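With the numbering used here applied, the sequence shown covers 49 to 321. For every residue, glycine included, the Cβ atom is placed at its ideal position computed from N, Cα and C. In this text, all values refer to a predicted model and were calculated from it rather than measured experimentally. As structure tokens, the structure follows; a few thoughts come after it.
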Amino acid sequence: MFRNCLKTFQKSCETQLLQAFIFKRFAGHSKWQNIKHIKGLKDAQKCQLFTKLGRQIKVAIHEGGSADVKLNGKLAQIVEQAKRANMPVATLQSIIKSCQNDKSQEKLHLLEIKGPGNCFIMCEVFTNQLHQLKMSIATILRKHGSKFSDGGGQHLFHEKALIEAEFPIDNSGDKQISEVDLLEQATEHAILSGAEDVSIMENNTMEFTCAETSLQNVVLELEKIGYKVASAGVEYLPLKFQKLQDSELELCGRLYEKLENLSEVVRLSDNIA
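Structure below.
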């Protein structure tokens, strides 16, 4: 039932998507960041984001053992993120209801992928047919110069909560704030909110890093300061980056697109510079 709900989203997305990607972005403007940057229309972006949030809601309910946000902190985080993304209430309720009625024995699995240029990709999937899914993914990997890793990739990452939020700039004055001042003020806000680090992305958007257990509190504190939170969630962050050639980066971009189109894929993380 839940899968049918997601397929409805995906079919509507297919008519709008222009290879739109919703991925994490690091500070700076690397070639990989530009490849992973959102390229589609706003409607396409939102449609793909709703599909991804739907998957994460199911995982949160499965892991937390409850569809009640008061009893399931992880679910509460994702529901808040869905609301910030302006997901219609009816859509949100439909996803949660379908999850409650879903009796399939699906589990969350982490697949380690060795991608082009010896980069590592952490692929989280939610399925009750892991063997069949791995066969499908293996076909995609072969066509994109990649393969499943024998292990050892996970130690190259650590899990952290990431928050993307728009800096609260006062538009009443004409004075432009410099990037240095912007980062200085954002650093003060990070300290006040309990975040561990902050970096500048683009268009006055900041990326805050914090512990997973602190995510909700940091989001609330940033919103009190005046930030508009665009997204918040837990991701695998690389401890060391791998630099790739341009051709390898393009190949990774196509690989990401294929993997993201699989309904079982919940999250992708990589160590590409």
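Could you spell out the range, first to last residue, of the beta strand (DSSP E) harbouring residue i?
i: arginine 115; result: The displayed chain sequence assigns alanine, not arginine, to residue 115. Note, alanine 115: premise wrong, no beta strand (DSSP E); not H, not E.
i: cysteine 258; result: 253-258
i: alanine 209; result: 205-214
i: isoleucine 161; result: 155-162
i: leucine 285; result: 276-286
i: serine 317; result: 313-318
i: cysteine 373; result: Because the chain is modelled from 49 through 321, residue 373 falls outside the range shown and cannot be assessed.
i: serine 247; result: 245-248
Look at the alpha carbon of residue i and the alpha carbon of residue j, and state the distance between them as a whole number of angstroms.
i: aspartate 294; j: asparagine 166; result: 14 Å
i: aspartate 215; j: glycine 102; result: According to the sequence shown, residue 215 is phenylalanine rather than aspartate. The alpha-carbon atoms of phenylalanine 215 and glycine 102 are separated by roughly 28 Å.
i: isoleucine 109; j: glutamine 129; result: 15 Å
i: leucine 230; j: asparagine 251; result: 11 Å
i: asparagine 265; j: glutamate 111; result: 21 Å
i: valine 228; j: threonine 235; result: 11 Å
i: cysteine 300; j: glycine 113; result: 35 Å
i: lysine 145; j: isoleucine 225; result: 46 Å
i: glutamate 312; j: aspartate 218; result: 42 Å
i: leucine 189; j: lysine 195; result: 5 Å
i: glutamine 233; j: glutamine 202; result: 34 Å
i: phenylalanine 289; j: isoleucine 320; result: 5 Å
i: asparagine 176; j: histidine 157; result: 10 Å
i: alanine 213; j: leucine 178; result: 36 Å
i: phenylalanine 317; j: tyrosine 304; result: A small correction: the amino acid at residue 317 is serine; phenylalanine does not occupy that position in the sequence shown. Computed Cα separation, rounded: 10 Å.
i: glycine 88; j: lysine 155; result: Because the pLDDT at glycine 88 is just 43, under 50, the model does not fix this residue reliably, and the value given afterwards should be weighed accordingly. About 31 Å.
i: glutamate 79; j: lysine 291; result: Going by the sequence as given, residue 79 is lysine instead of glutamate. If you take the alpha carbons of lysine 79 and lysine 291, they lie about 10 Å apart.
i: glutamate 269; j: glutamine 180; result: 44 Å
i: tyrosine 275; j: serine 184; result: 41 Å
i: glutamine 81; j: lysine 94; result: 19 Å
i: aspartate 150; j: valine 137; result: 20 Å
i: alanine 280; j: isoleucine 169; result: 20 Å
i: methionine 249; j: lysine 122; result: 26 Å
Measuring alpha carbon to alpha carbon, tell me which of the options ends up nearest residue i.
i: glutamate 271; options: Glu250, Ala259, Asp245 and His237; result: His237
i: glycine 199; options: Glu232, Glu227 and Glu160; result: Glu160
i: serine 152; options: Ile169, Val107, Phe168 and Lys100; result: Val107
i: alanine 209; options: Ile169, Tyr275, Tyr304 and Val267; result: Val267
i: serine 142; options: Lys306, Lys155 and Val127; result: Val127
Which residues in the same chain as residue i place their Cβ atom closer than 8 Å to its Cβ, once the five residues preceding and following it in sequence are excluded?
i: glutamate 207; result: Glu260, Val282, Glu283, Tyr284 and Leu285
i: phenylalanine 98; result: Phe57, Ala130, Ala133, Met135 and Thr139
i: lysine 182; result: Leu159 and Phe196
i: threonine 253; result: Glu212, Ala213, Glu214, Phe215 and Ala278
i: asparagine 120; result: Ala108, Ile109, Gly112, Gly113 and Ser114
i: alanine 17; result: This structure leaves residue 17 out entirely; the chain is present only between 49 and 321.
i: phenylalanine 174; result: Arg103, Lys106, Val107, His110, Glu154, Lys155, Leu156, His157, Glu312 and Val314
i: leucine 240; result: Glu269 and Ile273
Using a Cβ-Cβ cut-off of 6 Å (strictly less than) and excluding sequence neighbours within five positions of residue i, which residues of its own chain qualify?
i: glutamate 296; result: Pro164 and Gly165
i: aspartate 245; result: Thr257
i: alanine 124; result: Val117
i: serine 330; result: Nothing in the structure corresponds to residue 330, since the chain is present only between 49 and 321.
i: lysine 306; result: Ile188
Contact defined as beta carbons within less than 8 Å: I believe residue i pairs with residue j. What is the distance between those atoms, to the nearest angstrom?
i: valine 277; j: isoleucine 211; result: 6 Å
i: arginine 302; j: histidine 192; result: 6 Å
i: leucine 204; j: leucine 287; result: 6 Å
i: glutamate 308; j: isoleucine 83; result: Not a contact, Cβ separation roughly 13 Å.
Please return the same chain residues whose Cβ sits closer than 7 Å to the Cβ of residue i, not counting the five positions on each side in sequence.
i: cysteine 147; result: Phe50, Ile105, Lys106, Ile109 and Ala115
i: cysteine 171; result: Leu159, Ile161, Leu307, Val313 and Leu316
Between which two residues does the alpha helix (DSSP H) holding residue i run?
i: aspartate 198; result: Run containing aspartate 198: none; DSSP gives neither H nor E here.
i: isoleucine 10; result: Because residue 10 is not part of the residues shown, which for the chain are 49 to 321, the question remains open.
i: asparagine 265; result: 263-273
i: isoleucine 126; result: 121-132
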